[in-house]
Structure formats: C-alpha cells, structure tokens
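Number of protein chains: 2
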Amino acid sequence: MVFIGVVGPFATLPQLIKLYFTHSQHATGQSLLSWSLYAALSFLWFAYGLVVGKLPIYVGNGISMVLNILMVLGILIHAGMTY
Amino acid sequence: MVFIGVVGPFATLPQLIKLYFTHSQHATGQSLLSWSLYAALSFLWFAYGLVVGKLPIYVGNGISMVLNILMVLGILIHAGMTY
C-alpha cells in the first residue's frame, strides 16, 4: 500500500497535460470545486502525515497536493471562475 | 481524519455533474487514464480496507471507487477512447 500511496498521486499527470497543453479549450469542463476540495483534502492529509511522522502519508499526499493545486490554477487560468 | 475519509469521496460529485449534465461537450478534456488509475487505486484501497477490517477505509474508498468508475464510463460515453 506504500507503493500505491507514492505512485497514486502521479495518476493526475495525464489530466494536467490535457488541461495545460493539449485540451486547454475544454478547461471549463473541469470542476473547480472538485479540484479545490482535492487540494484541500490532500493538504490536510499531508499535514496529518507530518504530525504523525508517517513518510508514505506525507510524501504521497504532498505530491498530490502540488498536482491538485496545479489543476486548480490551470482551471482558473484557462476557464476562469466556474464550479 | 475519519471525517475527511468519508466526506472526501463526494468531492467528485461536481465533476460528475459537469461531465454528465452541464459540460458533456468538454468530456474530451477529461483524462481517461487519470480517472482509470483513480478507479483502480480506490478499488485497491477498498479491498485493503475490507481485508484489514477498517470501516473508514473501505466505506470512503468504496464511495470513491463508484464515483471514479462513473467518471470513466462518462468519459467513454461522451468522449470515446482518449488518454
């Protein structure tokens, strides 16, 4: 499960490539609300992992947090305010 | 963290509403690869939660799994094969 916790966050990479590079014109189809919640939740898990000193939790969720924030920024850049 | 584990999965609902109802024409901007990985990973966490008998893990990831599979199906229905 440690393997999944570390590899899982990178699952967002294809979605980031579509949002920023190949399918930016479809950015409005991305949910700002969903990705903001993912970013907030991964931040909470990241902080929790740091507090309890569990490396697989804070590394995996730290990477997720960065990628989720990039999704939020990409939606704001390419689609503006949406839900 | 149990609260987050249960509430978190529902973060995907706005994204599902956009994909199925309000922004289906932008479905091609969704990454089939990313959502398939999310579905696979949530299935693994769901199965892990069942095996170790941790309700917050299998309930939260079970809900995630269902919503992620709905995202995969929605992308296939509205955008067809993509990456």
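Line order of the protein sequences matches chains A and B. Per this note's numbering, residue 1 is the first one in the first sequence, and the count goes up by one each step. Per this note's numbering, residue 101 is the first one in the second sequence, and the count goes up by one each step. We put the beta carbon where it would ideally sit given N, CA and C, even for glycine.
At a cut-off of 7 Å between beta-carbon atoms, Lys-154 of chain B makes no contact with chain A. CA-to-CA, the gap between Pro-56 of chain A and Ile-63 of chain A works out to about 11 Å. Judged by DSSP in its simplified three-state form, Thr-82 of chain A adopts coil rather than helix or strand.
Excluding five sequence positions before and after Ser-136 of chain B, the CB atoms of its chain that fall closer than 7 Å to its own CB belong to Val-172, given in chain order.
Where Pro-9 of chain A is concerned, there is no enclosing alpha helix (DSSP H), because DSSP gives it neither an H nor an E. In the DSSP annotation of this structure, the continuous segment of the alpha helix (DSSP H) that includes Gly-49 of chain A starts and ends at 32-52. Taking the CA atoms as reference points, Thr-28 of chain A sits about 24 Å from Phe-43 of chain A. Under the Cβ distance rule, Leu-67 of chain A does not count among the residues neighbouring chain B, no pair being separated by less than 7 Å. Straight across, the Cα-Cα distance linking Tyr-138 of chain B with Ala-11 of chain A is about 7 Å. Look at His-78 of chain A: its C-beta is not under 7 Å from any C-beta on chain B. The beta carbon of Leu-133 of chain B is closer than 8 Å to those of Tyr-183 in its chain, skipping five residues each way along the sequence.
Note on Gly-108 of chain B: 16 or more other CB atoms within 10 angstroms of its CB, so buried under the neighbour-count rule.
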